[in-house]
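Q:
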Amino acid sequence: MISETAAKQAEELMALRRENEALSEQLKGLVKVEGRLYRYQEQLDAQLLEHQELYQFNRRLSASLELQDIFTVAAEFIVNNLGYERVLFFGYDEENDRYAVRALDGYYRREECDAVGSLAIARTDPLLTPIFSGEPCVVCFEGRRSPELESFGALMKVSEYLIYPLGTHARPVALLAVGNSPTKAQFCRRVSDSEMALLGIGNLAGLLSSSIENQILFANTKKALEQERLAEVKYRGIFENAIEGIFQTTPQGMFVSCNPATAEILGYRSPEEAMATVTDVSTLYVNPERRKELFRETRQGRKVKSFEVEFYRKDGTRCWVRLSVSPTLSAEGELLFVDGVMEDISERKEVEAAIQLLNEELEQRVIDRTRALEEANAELKQLSGELESAYTDLKLTHSRMLQQEKMASIGQLAAGVAHEINNPMGFIISNLNTLSKYAGKMAQFVALQEEAIGRLCREGGAAEVAREIDERKRGLKIPYVVEDLDHLIAECLDGAERVKKIVMELKSFSRLDESEQKQANLNEGMESTINIVWNELKFKAELKKEYGEIPTTLCNLGQLNQVFMNLLMNAAQAMEDFGVITVRTACDNGVIRVSVSDSGCGIPTDKLKRVFDPFYTTKEVGKGTGLGLSIVYDIVKKHNGEIHVESEIGKGTTFTITLPVVSP
Amino acid sequence: MATSVGVGHSTSRNPAAAGKEAVRKALEQAAIAAPDFVLVFATVGYDQQQLIDSIREATVGAQLCGCSGEGIVTGETFAETNFGVCVMVVASDEMRFEGACVRGIDRKADEAGARLAAQLKPLLADDTRACVLLADGLVFNFDPFLASFQAALGREEPLPIFGGLAADNWALQTTYQYFNDEVISEGIVSFLVSGKLEIVWGIHHGCVPVGTKRTITRCDGNIIQEIDGMRALDALNDYLDPDWMTQWNKSSLNLCLGFKTPEHIRQGYEEYVVRYMAGMNIDEGSVTIQSEVAEGTELWILRRDKELIFSGVAAISRQLKEELAQQKPRFVLQFECVGRGKVVFRESEKGELISTLQRELGGDVPWIGFYTYGEIGPISSYNCFHNFTSVVVAVY
């Protein structure tokens with residue numbers, strides 16, 4: 001009994017175990033299913049949310065009528081709802097045949113925003129080939145890359161992206177690009193080419209395409225209506241406000257329409273009155289033949305321009321009009337109506353008559369005037385001769401002024417030279433006086449010796465004679481005379497040499513009038529000039545010479561010496577106390593630079609710009625001609641050079657001359 | 001002045017705009033111009049430094065603490081998105097919030113505990129009521145941290161610790177912690193809450209066992225190598241999706257491990273303490289959890305139960321309401337496990353779950369929280385680490 005019960009229990013236990021195992025397996029399956037369920041639920045939730053948001057977005061989109069608004073609304077939706085990090089809208093730029101960025105979102109650093117904002121892609125870029133070949137979009141992601149795709153991605157600052165065409169035409173009006181940067185991609189909607197992944201953005205691109213097409217249609221319609229309205233306003237304005245009469249008539253001569261100007265020309269108060277009164281335009285013609293003439297042309301379908309004709313006004317007076325008409329024919333060639341423009345030329349006709357009269361008067365006046373002019377011309381000739389004479393006088397005066405300046409220079413020069421020559425000449429003359437005295441003494445001594453020798457021969461007494469001679473020799477200081485002779489002669493020779501040198505330098509300096517140009521060294525010219533004017537300088541300033549190595553140049557050295565002299569003399573005269581004059585020469589890049597600086601009183605800025613003007617002087621009246629620096633300027637210009645002046649009050653002035661090196 | 005608290009949030013993709021918007025809303029709710037303390041939770045889609053810079057710019061001078069989460073929770077939203085930020089601002093002459101930061105915990109949780117305690121100890125006062133802990137969710141190990149932290153603080157009564165582990169939306173690469181101007185990773189940010197205030201809290205997980213008891217037969221620290229003599233992964237394989245090897249973070253959410261709640265905390269808690277399997281090693285067949293275990297420990301495989309979660313939240317509501325005794329909280333902190341978010345609940349269910357809780361405690365109470373990689377909250381005066389749990393802290 002017990003064993004039976006135990007067996008039964010064991011059997012039940014086994015059954016329970018089997019059931020437990022089966023339940024356990026079922027439970028494992030249920031846990032797995034539950035896990036999957038949660039995942040699908042999460043995906044479905046996300047999809048449901050996306051569809052709800054897409055629906056809301058579509059409603060917002062419908063309310064956006066401007067393309068830019070559509071881009072902005074869509075960009076916001078793509079980033080915030082679809083979850084792509086970055087979005088760009090490229091609008092088609094017809095002028096440059098390219099797509100350029102029109103809107104963007106998801107670029108939160110200014111430098112990125114600036115760089116991407118100016119991005120553009122040519123319509124013909126191979127990157128866009130898939131789109132123009134019918135592909136729904138361009139895709140770049142981990143599983144589909146190429147150097148071109150990556151390169152454009154780098155420009156958009158994304159590593160994975162999609163580009164959709166927007167618009168249904170063969171040439172999309174815009175491109176939509178969405179994508180993610182490498183650092184943020186994992187937190188954004190990933191780009192892939194799977195159907196599921198492209199569903200949301202594909203739907204959006206479709207919605208945007210329709211919306212953009214609608215927008216373009218709306219914009220075009222609006223534009224066309226506006227253009228029509230503007231055209232109507234424009235032509236109505238032209239018709240109503242034109243000065244010319246504009247009209248349309250039937251072949252029978254009735255006005256179909258006419259503007260206020262037509263009515264006014266014909267003397268009616270309004271177009272309505274004109275149209276009601278004039279039932280046949282042929283009655284307007286003063287000469288009915290002219291109407292027939294015109295009608296013949298228009299009936300043939302030919303336009304007529306500038307047809308001048310005389311009309312009757314409402315009050316019976318006449319007026320001249322110029323007609324330009326254009327016929328409109330039916331398909332069968334029948335004249336339907338005539339459009340025309342009339343211009344009131346009555347005044348012109350009156351003026352033409354007046355002009356004819358005037359012309360005749362004018363011809364007579366021309367004859368009279370010609371005669372008067374001939375007389376005046378003779379007087380003018382005489383006046384011209386006088387002017388020429390005055391000009392010659394002026395030239396002569398100018399030449400004299402120059403000569404006067406030259407003479408002033410020479411005067412100064414002569415004073416200096418005289419002083420320089422006077423000094424050696426003084427001691428030469430003094431020495432010659434002494435030599436004359438010495439010569440007298442020597443003659444006396446020689447005479448004494450002759451007389452003593454004769455006496456000796458006659459009378460003897462050599463010792464007495466010798467003593468007497470010796471006594472006289474001492475009395476006449478013959479040994480000293482003999483000794484001093486050499487010294488005096490040497491001194492005279494030195495003096496004579498100095499005079500010779502001065503004369504040579506004077507000769508060199510005096511090449512002033514030579515017009516011939518020769519190769520010369522400006523250092524030598526400057527040195528020679530300094531020697532000439534040294535007497536003027538030495539009491540006024542210490543002279544510093546800083547000569548550089550300069551090549552010879554083709555020049556008129558006499559004229560340049562004049563320049564140097566004027567500058568040196570000016571420098572000396574600028575000194576209020578004993579100062580320093582510095583002369584520098586240098587050559588750089590084929591240009592010789594000569595400067596003369598002084599440590600004098602300086603020239604005020606307002607006077608500085610006038611120093612080269614003729615007759616301008618800062619010196620006291622009578623002390624300067626005012627031509628010195630003007631001559632300097634002319635000479636430098638003649639040598640194709642430049643002269644500049646820099647000055648500072650109390651510190652001094654520097655004149656700098658630059659001359660091109662000219663080879664023979 | 002007393003205490004002014006406000007919470008604001010933003011889901012703008014632009015980090016600078018999002019930070020400013022969240023602060024603006026928070027300041028508006030608090031009706032203040034400048035706060036003393038700022039708490040920030042944000043998700044990881046943002047450029048984190050740009051985000052914090054914008055918040056700092058709008059809250060000049062205030063101390064800032066916070067971390068990244070998988071989603072944000074406020075009275076107005078519960079957004080599990082890569083782009084969400086919420087900010088709580090406080091200006092008070094009754095409460096103090098004093099923060100500290102530990103950088104480079106480098107899986108040395110015990111050292112980190114001592115370092116944090118060294119910084120916080122001088123700030124402790126008689127009126128210090130709690131410590132809020134926001135740690136890196138990828139490298140933090142709670143048990144050794146707690147041991148050294150509490151030892152270094154040297155308090156007779158443990159200071160209640162609340163908080164959550166920073167998350168990175170399943171990327172499992174980098175989480176962020178915020179401290180004033182700094183954005184760090186592999187760190188801990190913490191602050192003491194002191195002053196004239198009281199704290200009540202509730203904790204519930206809502207998981208149930210599937211199958212019978214199992215035993216850990218080989219383990220090393222927080223790595224479980226064998227269960228019932230089998231490689232741990234083999235023992236779990238029958239419950240996992242076929243793609244678990246490539247989708248571990250999501251697959252492992254459907255299962256969790258339960259350990260019998262220790263006797264000393266069993267009163268006031270559920271039967272099992274739940275652990276999420278944060279990592280696995282295919283070659284070794286092991287799984288990693290976020291606290292340490294010993295060989296011979298009994299375990300149960302658990303699954304989340306929606307009804308239990310709903311009833312658990314209702315229980316928290318009731319409990320807190322009773323403890324608050326009609327007093328309105330100054331603010332509420334919520335640390336919600338990522339496993340209780342959109343991976344299990346539909347959007348509408350989640351909304352119902354959180355709004356029920358918020359409604360019970362007062363719809364206009366400033367409320368801030370985030371979806372975590374692990375929750376921290378005391379059970380029966382013992383600080384504990386949790387998974388698949390909601391930790392709700394009301395400060396009044």
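Here the protein sequences line up with chains A and B, keeping their order.
Using the numbering used here, read the first sequence as starting at 1 and increasing by one per residue.
Using the numbering used here, read the second sequence as starting at 1 and increasing by one per residue.
Using N, Cα and C, we set each Cβ at its ideal position, and we do this for glycine too.
All of these numbers come straight from a predicted model, not from anything done at the bench.
Just confirm the distance between the C-beta atoms of T262/A and A274/A, as a whole number of angstroms; I'd bet it's less than 8 Å.
A: The pair is a contact, with the Cβ atoms about 6 Å apart (cut-off 8 Å).
Q: So R290/A and V309/A are supposed to be a Cβ contact under 8 Å. How far apart are they, rounded?
A: Yes, R290/A and V309/A are in contact; Cβ-Cβ is about 5 Å, under 8 Å.
Q: Beta carbon of T175/B, beta carbon of G113/B: below 8 Å?
A: In this structure, G113/B does not lie closer than 8 Å to T175/B by Cβ.
Q: Quick check on T397/A: buried or exposed, where buried means 16 or more other Cβ atoms within 10 Å of its Cβ?
A: It counts as exposed.
Q: Where does W367/B sit, in a helix, a strand or coil, going by DSSP?
A: Residue state, collapsed to three classes: strand.
Q: Looking only at C-alpha atoms, which of K501/A, A439/A, R498/A sits nearest to I478/A?
A: Out of K501/A, A439/A, R498/A, A439/A has the C-alpha closest to the C-alpha of I478/A.
Q: On the criterion of 16 or more Cβ atoms from any shown chain inside 10 Å, does D93/B qualify as buried, or is it exposed?
A: With fewer than 16 Cβ atoms within 10 Å of its Cβ, D93/B is classed as exposed.
Q: Rounded to a whole number of angstroms, what is the C-alpha to C-alpha distance between I469/A and A447/A?
A: When rounded, the distance between both Cα atoms is 11 Å.
Q: Return the residues of the region 71-94 of chain A that lie within a Cβ-Cβ distance of less than 7 Å from chain B, sorted by chain order.
A: Of all residues in the region 71-94 of chain A, V79, N80 have a Cβ within less than 7 Å of some Cβ in chain B.
Q: Grouping DSSP H, G and I as helix and E and B as strand, with all else coil, what is T317/A?
A: Note: T317/A maps to coil in three-state DSSP.
Q: To test your reading of the DSSP string, which unbroken beta strand (DSSP E) runs of 3 or more residues are found completely within the region 251-339 of chain B?
A: The region 251-339 of chain B contains these whole beta strand (DSSP E) runs: 256-260, 272-275, 279-281, 286-288, 298-304, 331-337.
Q: Assuming the contact rule is C-beta atoms closer than 8 Å, L134/B and C67/B should be a hit. Round their C-beta distance to whole Å, please.
A: Contact flag correct, Cβ pair sits at about 4 Å.
Q: In angstroms with no decimal places, state the Cα-to-Cα distance between V210/B and W300/B.
A: The alpha-carbon atoms of V210/B and W300/B are separated by roughly 7 Å.
Q: At which residues does the beta strand (DSSP E) containing Y84/A begin and terminate?
A: Taken as a continuous stretch (DSSP letters only), Y84/A belongs to no beta strand (DSSP E), as it is neither H nor E.
Q: How should M569/A be labelled, buried or exposed, when 16 other C-beta atoms within 10 angstroms of its C-beta is the threshold for buried?
A: M569/A comes out buried.
Q: R102/A and F71/A: beta carbons closer than 8 Å?
A: Cβ distance < 8 Å, so R102/A and F71/A count as in contact.
Q: Can you find a C-beta in chain A that's less than 8 Å from the C-beta of R214/B?
A: No, its Cβ sits nowhere closer than 8 Å to a Cβ of chain A.
Q: At a CB-CB cut-off below 8 Å, which residues of chain B make contact with C188/A?
A: What C188/A touches in chain B: G45, N82.
Q: State the DSSP-derived secondary structure class of C601/A, mapped to helix, strand or coil.
A: In this structure, C601/A counts as coil in the three-state DSSP scheme.
Q: Please decide whether V338/B counts as near chain A, where near means a Cβ-Cβ distance under 8 Å.
A: Not closer than 8 Å to any Cβ of chain A, the Cβ of V338/B fails to qualify, so no.
Q: Tell me the DSSP bridge mates of H422/B?
A: A query on residue 422/B cannot be resolved here, the shown segment of chain B reaching from 1 to 396 and no further.
Q: In the structure shown, what three-state DSSP assignment does Q300/A receive?
A: Coil.
Q: Alpha carbon to alpha carbon, how far is L67/A from H404/B? Give it in angstroms, no decimals.
A: The structure shown does not extend to residue 404/B, since chain B spans only 1 to 396, so no value can be given for it.
Q: Could you work out which residues of chain A lie near E347/B, taking near to mean beta carbons separated by less than 8 Å?
A: Residues of chain A passing the Cβ test: D45, L49.
Q: M342/A by DSSP, collapsed to three states: which one?
A: Residue state, collapsed to three classes: strand.
Q: Can you tell me the Cβ-Cβ gap for L88/A and A177/A, rounded? I've got them flagged as a contact below 8 Å.
A: At roughly 4 Å, the Cβ-Cβ gap stays under 8 Å, so L88/A and A177/A are in contact.
Q: Applying the criterion that 16 or more other CB atoms from any shown protein chain within 10 Å of the CB defines a buried residue, is A30/B buried or exposed?
A: Per the 10 Å Cβ criterion, buried.
Q: Once you ignore the five residues that flank V200/B on each side, which residues in its own chain have a CB closer than 7 Å to its CB?
A: Around V200/B: L320, E323, L324, A394.
Q: Buried or exposed: which applies to T400/B, given that a residue is buried once 16 or more other Cβ atoms fall within 10 Å of its Cβ?
A: Here chain B covers residues 1 to 396 and nothing more, so residue 400/B does not appear.
Q: Report the three-state DSSP secondary structure of H51/A (helix, strand or coil).
A: Reduced to three states, the DSSP call for H51/A is helix.
Q: Rank K292/A, A205/A, G525/A, E491/A by C-alpha distance to the C-alpha of F77/A and give the top, closest one.
A: That would be A205/A, whose Cα lies nearest to the Cα of F77/A.
Q: Where L225/A and A171/B are concerned, what is the direct C-alpha to C-alpha distance, given to the nearest angstrom?
A: Their backbone Cα atoms lie some 57 Å apart in a straight line.
Q: What's the C-alpha gap between L233/B and N141/B?
A: If I take the Cα positions, the gap works out to 21 Å.
Q: Which residues of chain A have a Cβ atom closer than 9 Å to the Cβ of A16/B, listed in chain order?
A: Going along chain A in sequence order, the residues near A16/B (Cβ under 9 Å) are Y108.
Q: Which residues, in order along the region 165-195 of chain B, keep a beta-carbon less than 7 Å from a beta-carbon of chain A?
A: Those residues of the region 165-195 of chain B that come within reach of chain A (Cβ to Cβ, closer than 7 Å) are N169, A171.
Q: Using the Cα positions of S352/A and E272/A, report the straight-line distance between them to the nearest angstrom.
A: According to the sequence displayed, residue 352/A carries Glu and not Ser. When rounded, the distance between both Cα atoms is 33 Å.
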